[in-house]
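In what follows, a structure is listed as structure tokens, so that the remarks can point back to it.
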Amino acid sequence: MGFLDTVLRRNNELEWMFDLDLSYETSHRAYLKKMALETCINFIGRTISQSDFRFMENGKRQLNDWHYLFNVRPNTDQSAADFWQNFIYKLIYENEVLVILTDSNDLLIADDFTREEYAVFPDIFSKVTVKDYTFQRTFKMDEVLYLTYNNEKLTKFMDGMFDDYANLFSRMMEVSLRKNQIRGMVGLESTQQLTEENRNKLQKLIDKLFNSFRNNSIALVPKLKGFEYDEVASGENTGDSIEELTKLKRSLINDVANILGIPNALIHGELAEYETSIKAYVRFCNSPIVKKIKDELNAKLITKQAYFDGERVEIFGLTEKDLIDNAEAVDKLVASGAFTRNEVRELFGKERSEDPELDKFVITKNYQSAGAVEGGENE
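For what it's worth, the numbering used here labels the leading residue of the sequence shown as 1449, then goes sequentially.
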């Protein structure tokens, strides 16, 4: 210790602090990637989870086992909303999702699996794992629900961008911390020569002391004889830096939202352009995913002949139009004779009525049958 003996001998309290490990670990910026992906993917998941899955036959809804599985309780551990939110998260984050039906009629989302691809035969899924259980049997493609989201895994595609954002964010964070940094000068009474070894020991002591002070909201510093500290404030404002950090995080979320087709105003909860944003979201983000799910359900759950006979799986949710908001449009569609009332009901996600009168075309505001319209010379 040589060099610091003269100081430490005067103050025994300082001696034990010299050996105390007060170092701290710099946090990584991986949470930026997680924040952007979670914000955008969960937004899509929440909207899809509100969907109503309907098994239709000749325009009438069928209340069967599939209806219960897809709308109420897919398995013993999840509600339908949780199931579909997890389904969308897997689909987008991992670029693919596999759902199997167990012998106990539970729909389970696979956490891991191996896919063997064939050219003219159905692909085979093996080593299917759900939680900690791995199924010993194999599953053919026509026995499961399997969807892919894109040609390339989203996280792999975005890794480079996230690295750049993380580096930039870290640098901006460092600048922001320095702007309002508490700075000081340390004086030490000593008659010995200040060699490089002694300087390193002194710097190590100072770093241990003041790193501990920096990481605590309240810190008590003993006033020691022969060891003086004068604080020098930087006097700079951090307001602009914090705003820049916020803008950077917002920009990162915007980039992810753009890739997924979510309008930026909608993901940030801005209501100024809500109607325009929700229409764009439904058309370019929600509807394509719903179409993927609907096509897979129709292909796997309904035979070709049954499909031709009128059986369908329909999905209604965010794409449904609000009847109250569109009441005037409904009136014009019916009164002009362009649509029957049952056709309008289907347009707004409602089931057809069994009343045959609703399958007739009516015209004018009298809502009489189109064939009964009289006027002009026929009066």
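We treat Cβ as the ideally placed atom computed from N, Cα and C, and that holds for glycine.
If you check the CB distance, His-1515 and Phe-1503 come in under 8 Å. Between the alpha carbons of Val-1547 and Phe-1756 lies a gap of roughly 26 Å. Between Asp-1559 and the set Ser-1801, Ala-1747, Tyr-1541, the nearest pair of CA atoms involves Tyr-1541. By the beta-carbon neighbour count (other beta carbons within 10 angstroms, threshold 16), Ile-1536 is buried. In its chain, beyond the 5 residues on either side, Leu-1546 have a beta carbon closer than 6 Å to the beta carbon of Tyr-1594. Beta-bridge analysis with DSSP links Asp-1560 to Thr-1577. Here Phe-1583 has Val-1576 as same chain residues with Cβ atoms under 6 Å from its own Cβ, once five neighbours each way along the sequence are excluded.
Note that the C-beta distance between Asn-1712 and Ala-1705 is below 8 Å. Between the alpha carbons of Asn-1512 and Lys-1697 lies a gap of roughly 47 Å.
Per DSSP, the beta bridge partners of Phe-1503 are Val-1761. Three or more Cβ pairs closer than 8 Å define a contact, and the segment 1730 to 1746 meets that threshold against the segment 1484 to 1499. Residue nearest to Lys-1601 within the set Glu-1564, Ser-1574, Ile-1707, Lys-1508 is Ile-1707 (criterion: CA-CA distance). DSSP, read as helix, strand or coil, puts Tyr-1566 in coil. Counting the other CB atoms within 10 Å of its CB gives Tyr-1613 a total of 16 or more, which places it among the buried residues.
Here DSSP, grouped into helix, strand and coil, assigns Lys-1780 to helix.
The beta carbons of Thr-1487 and Ile-1715 sit closer together than 8 Å. By the 16-neighbour rule on beta-carbons within 10 angstroms, Asn-1790 is buried. Beta-carbon to beta-carbon, Ala-1528 and Val-1520 are separated by about 6 Å, close enough to satisfy the 8 Å threshold. 8 Å or more divides the Cβ of Met-1609 from the Cβ of Glu-1692. The three-state secondary structure of Phe-1787, taken from DSSP, is coil. In this chain, the alpha helix (DSSP H) harbouring Leu-1749 covers 1735 to 1749. Shown here, Thr-1550 sits in coil according to DSSP, grouped into three states, outside any helix or strand.
Per DSSP, Tyr-1594 is one residue of the beta strand (DSSP E) stretching across 1593 to 1596. Take the alpha-carbon of Ile-1710 and the one of Tyr-1566: they are about 35 Å apart.
With distances taken between CA atoms, Ala-1747 lies nearest to Met-1589 out of Lys-1652, Glu-1799, Met-1589, Thr-1596. Within the same chain, Cβ atoms closer than 7 Å to the Cβ of Leu-1549 are found at Leu-1555, the five residues on either side in sequence being excluded.
Contact between Lys-1742 and Ile-1763 holds: their C-beta atoms lie close to 5 Å from each other, under 8 Å. When rounded, the separation of the alpha-carbon atoms in Glu-1805 and Tyr-1729 is 37 Å. Between Glu-1802 and Arg-1793, the beta carbon gap of about 12 Å keeps them out of contact (Cβ cut-off 8 Å). Within the DSSP secondary-structure output, Asn-1523 pairs in a beta bridge with Gln-1526. Sequence-distant Cβ neighbours of Asn-1598 in its own chain, meaning closer than 7 Å and more than five residues away, are Asn-1543. Excluding sequence positions up to five before and after Ala-1484, its CB lies within less than 6 Å of the CB of Leu-1700, Ile-1701, Val-1704, all in the same chain and listed in chain order.
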